[in-house]
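Chemist:
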Amino acid sequence: AQKITQTQPGMFVQEKEAVTLDCTYDTSDPSYGLFWYKQPSSGEMIFLIYQGSYDQQNATEGRYSLNFQKARKSANLVISASQLGDSAMYFCAMREAFSTGTASKLTFGTGTRLQVTL
Amino acid sequence: DTAVSQTPKYLVTQMGNDKSIKCEQNLGHDTMYWYKQDSKKFLKIMFSYNNKELIINETVPNRFSPKSPDKAHLNLHINSLELGDSAVYFCASSQVRPGAGSPLHFGNGTRLTVT
């Protein structure tokens, strides 16, 4: 079963507008973490933001915020005031705290390609 | 002051050859990973080492063999390369902490092309 689902293969947003990238997840682990990464066309993976399952408040990092709805198992990324440099692939990922091994893996979604237009 | 560095950046080789990708991290992390990103951009874990010990070994052909000489280095050796091995291979590291909160720090990737 898919643990991380990103249903938007591609999104367009105009410069200076806000955009929401969707992510839903599936886990029975009570303790887990949700991550968003950005992959520009140059290929590197850039960590953006983290939300823990027990965090009471939604995470924010500059123009990035995470809309965490635990009951719905969703962790959408909101980018405010989009810039041309935000054009990239965005990946949602999850780590389950009690998964096998002390170095539990990050499981990634299939990504959303965001294009920021003038 | 690169945090996670992997070499080479590009690797073009013929089917049947053996090749290695090297990875080093200077973040002092305990855990290192190899991920494979296919042509559709899907990222899948291959291996994980914690303090030189193999922790995660996903369903990966035996032709792939990771080696961790110390906790700052994790190399990937691939024998008898096949066309389907063409992908981008990412090395990553993280600190082990209680709970799930440690992000992975990725290297810049190695684009492997098998002809």
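Chains G and H supply the protein sequences, listed in that same order. Its first residue numbered 634, the first sequence is counted upward by one per residue in the working numbering. Its first residue numbered 11, the second sequence is counted upward by one per residue in the working numbering. All residues carry an ideal CB built from backbone N, CA and C; glycine is no exception. Note that the structure is a prediction, hence the values are computed from the model and not measured.
#1: I need the straight-line Cα distance from H/K46 to G/Q690, nearest angstrom please.
#2: Specify, as a first and last residue, the run of the beta strand (DSSP E) that G/M678 falls within.
#3: Name the two residues that bound the continuous beta strand (DSSP E) containing H/A102.
#4: Going along chain G, which residues have a C-beta under 7 angstroms from H/I31?
#5: Can you name the residues that DSSP bridges to G/N709?
#6: Identify, in the order they occur along the chain, each residue of the same chain with its Cβ nearer than 7 angstroms to the Cβ of G/T812, setting aside the five sequence neighbours on each side.
#7: With distances taken from CA atoms, which of H/D28, H/P71 and H/Y43 is nearest H/G119?
#8: Determine which residues share a DSSP beta bridge with H/Q47 and list them.
#9: Enumerated in chain order, which unbroken segments of the beta strand (DSSP E) with a length of 3 residues or greater are wholly contained in the region 654-678 of chain G?
#10: Which residues mark the beginning and the end of the beta strand (DSSP E) in which G/Q716 is found?
#11: By the three-class DSSP mapping on this structure, what secondary structure does G/Q690 have?
#12: List the residues of chain G that H/G119 touches, going by C-beta distances under 9 angstroms, in chain order.
#13: Beta-carbon separation of G/M722 and G/G744 under 9 angstroms?
#14: Inspect the CB distances between the region 677-697 of chain G and the region 710-725 of chain G and report whether three or more fall short of 8 angstroms.
#15: Look at G/G742 and H/G111 and say whether their C-beta atoms are less than 9 angstroms apart.
#16: Once the 5 residues before and after H/S30 are set aside, which same chain residues still bring their CB inside 8 angstroms of it?
#17: Compare the C-alpha of H/E34 against each of H/S58, H/S15 and H/P79 and name the closest.
#18: Which of helix, strand or coil does DSSP assign to H/L91?
#19: What is the DSSP secondary structure of G/A726, counted as helix, strand or coil?
Modeler: So, to answer that:
#1: 33 angstroms
#2: Note, G/M678: premise wrong, no beta strand (DSSP E); not H, not E.
#3: A97 to S104
#4: Under the 7 angstroms cutoff, chain G gives no residues; its nearest Cβ is about 15 angstroms from H/I31.
#5: G/N700
#6: Since the first residue of chain G shown is 634 and the last is 751, residue 812 of chain G is not available in this structure.
#7: H/Y43
#8: H/L53 and H/V98
#9: 665-672
#10: G/Q716 -> no beta strand (DSSP E), and no H or E assigned at all.
#11: coil
#12: G676, E677 and M678
#13: yes
#14: yes
#15: no
#16: N85, L86, H87 and I88
#17: H/S15
#18: coil
#19: strand
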